[in-house]
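Please read the structure below before turning to the comments.
In the UniProt record's numbering, the protein residues as written are 1 to 165.
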C-alpha cells in the first residue's frame, strides 16, 4: 500500500511522518497524568517518549511516578524488534480492572536502556490520560498505544486502511 499524504504541521506541531524509523527515544518533561476508576495512577514530569514514523508518541513513565500497587503482573508478553521483549500489567483499582493495559521492558535493547522498567499505558483502556493538561486521544486500532494531542498530526498508523504503511 502506498504511503499516505502527511498532514502539513502548523507552527508548534509535529508530523508523525517526520519521526524516524528505527524509532527514537527522547526524554520529556511534559506533565503526564493518568486516571483509572477515579484515581490518579500515574503522574510524572520525567518520562520518555518513543517516536516512530507514522505513530503518535508512546510515553514511558518511571515506576517511582506510578502507584505500582494498582499494577498487577500479567502472563501476556510481546516482542518489539527495536526494544525487545515486553511484559504486561493489568490495572486494578477498586472493582474495575483493565487487562494487559500497560507494558514495560525489563531487559530492553541497548538503544532503549533508559526505559528499563518504565511503564507505557494504552490510553484507550484508561479513563483519561493527559499531556500538559490536554486530554489525549488514543491512537486508532487496538494494537497501538500512542497518545495523540493537538500538537501531533498524522495520518496515524492504526487508522482504517493503514495496515500496509
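Glycine included, every Cβ here is placed at the ideal spot set by N, Cα and C.
In this structure, the straight-line span from the alpha carbon of residue 150 to that of residue 58 is close to 15 angstroms. The alpha-carbon of residue 80 is positioned some 10 angstroms away from that of residue 108. With a threshold of 16 other beta carbon atoms within 10 Å, residue 49 meets it and is buried.
DSSP lists 51 as the beta-bridge partner residues of residue 24. The Cβ-Cβ distance between residue 104 and residue 33 does not fall below 7 angstroms. By the Cβ neighbour-count rule, residue 17 is buried, with 16 or more other Cβ atoms within 10 Å of its own. The count of Cβ pairs closer than 8 angstroms, one atom from the segment 110-126 and one from the segment 94-102, reaches three, so the stretches are in contact.
Between residue 139 and residue 55, the beta carbon gap of about 7 angstroms places them in contact (Cβ cut-off 8 angstroms).
Taking C-beta atoms under 8 angstroms as the contact rule, residue 36 and residue 98 qualify, at a distance of about 7 angstroms.
By the Cβ-count criterion, residue 10 is exposed, with fewer than 16 other Cβ atoms from all chains shown falling within 10 Å of its own Cβ.
In the structure shown, residue 5 adopts coil according to DSSP, grouped into three states.
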